[in-house]
Every structure is written in C-alpha cells, then in structure tokens.
Amino acid sequence: MKNWFNQLNPRERYTLIIGAITLSLILGYFMLWEPVIKARAQLEIMVTAQHNTLRWMNTAAAEIQKLRGQSTAKPVQTHKQSLLSLIDQSTRQGVLAKANKRIEPKGDQAVRINFEKVSFTELMRWLNRLHNQHQVQVSSIHIEPEAIPDQVKVRLTLNF
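For the sequence shown, the positions run 0 to 159 when numbering that gives the first Met the number 0 is used.
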C-alpha cells in the first residue's frame, strides 16, 4: 500500500490526502456531531414540556388551595340516596357526562371512580359541589396530567 502511494505523482498524492481528510471530516460530523446536536434539541423540547407541565401543576395547586378556602362546612344531613347512585347521577350531568369513566362501589360507604381524560378544573368544581351539597369526602386521589393542558387521568375514592 505504501509502495503504491509512493508511486503516485505528487499531485495525485495531494488529491488523495485532501479527499481522505474531507471524508474523515464528513464522517465525523455525521457519526459524532449531528447525533449529539439532535439529542440536545430533543432534550430541550422535553425540558420545555416539563416546564409547561410544572407551571400548569402550580396553577392547579393554587386553584385547589383557593377552592379549599371557599368550602364551608354545612350541617350533616342524613343521606337520602346511596353514594353510588349520587355519584352516578352527578357524573351524568354537565361536562363530566362526556368523560370516559368507570364507577364501582367499594363497600357500603365508598365509591371508586376512574376518569380516563377529564378537565381538571371541572373535576375540582364537581368535587367541591359534592362536598358542599352532600358532604362527600375524597379519601384517596391519584392525578396524572395528560398531554393536553387541563386534561388529567384520575383515580379517586369518595365516601360520606
């Protein structure tokens, strides 16, 4: 290989060296530099999305605190209907009627509800109404934000 290279005239050797250097730079760019740049751009997009989610969650937390401050305890009433029928009836009205949900009893005094995609704002208003009008309490809740702002996936348990 060395003999072959030495037998080339100087102009051919120079062209071959320049071509090898150019090829090395092009390969280095496409195999090393470009993947790093693409990964960095994807990470920037992910960080922006996470910041938006954090901003939304902080707003939602402030709204929850505001709604908690507005709720006033009313005298305890006797429950004229079962919790299951009350929840079923109240979720069939308004915005929650369109939400994909599953409602199941959990004993006599509790109901488990799963919402696949529901407006966080409307969910909080509904829970506040249930608490103020029927003294329904949230015993457990798990909220996951969806890609669409104000949309969440929720698992919660309610009881009297």
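Using N, Cα and C, we set each Cβ at its ideal position, and we do this for glycine too.
Values in this document were obtained by computation on a predicted structure and should not be read as measured data.
Residue i to residue j span [Cα, whole Å]
| i | j | result |
| --- | --- | --- |
| E145 | T14 | 58 Å |
| F194 | S23 | Given a span of 0 to 159 for the chain in the structure shown, any question on residue 194 remains unanswerable. |
| S84 | A61 | 31 Å |
| H50 | I44 | 10 Å |
| K37 | F114 | 36 Å |
| L95 | G68 | 24 Å |
| P74 | A48 | Low confidence applies to P74: its pLDDT is 46, below 50, so where it sits in the model is not reliable, and the reading given next is rough at best. Using only the alpha carbons, I get a separation of about 44 Å. |
| E121 | Q132 | 16 Å |
| I140 | V151 | 12 Å |
| W3 | T21 | 21 Å |
| M0 | A40 | 43 Å |
| Q6 | G18 | 18 Å |
| P34 | R10 | 36 Å |
| E103 | K116 | 17 Å |
| H130 | Q80 | 15 Å |
| V46 | L53 | 10 Å |
Under 8 Å between C-beta atoms of residue i and residue j
| i | j | result |
| --- | --- | --- |
| N158 | Q88 | no |
| I142 | V153 | yes |
| L82 | M123 | no |
| T58 | K105 | no |
| W55 | P148 | yes |
DSSP state of residue i mapped onto helix, strand, coil
| i | result |
| --- | --- |
| S138 | strand |
| E43 | helix |
| L7 | coil |
| A109 | strand |
| N131 | helix |
| K97 | coil |
| S89 | helix |
| E62 | helix |
| S81 | coil |
| F29 | helix |
Supposed close pair residue i, residue j - CB separation, criterion 8 Å
| i | j | result |
| --- | --- | --- |
| V137 | L126 | 6 Å |
| K100 | I112 | 6 Å |
Chain C contact for residue i (CB, 8 Å cutoff)
| i | result |
| --- | --- |
| N127 | The chain inventory of the structure shown lacks chain C, comprising one protein chain alone. |
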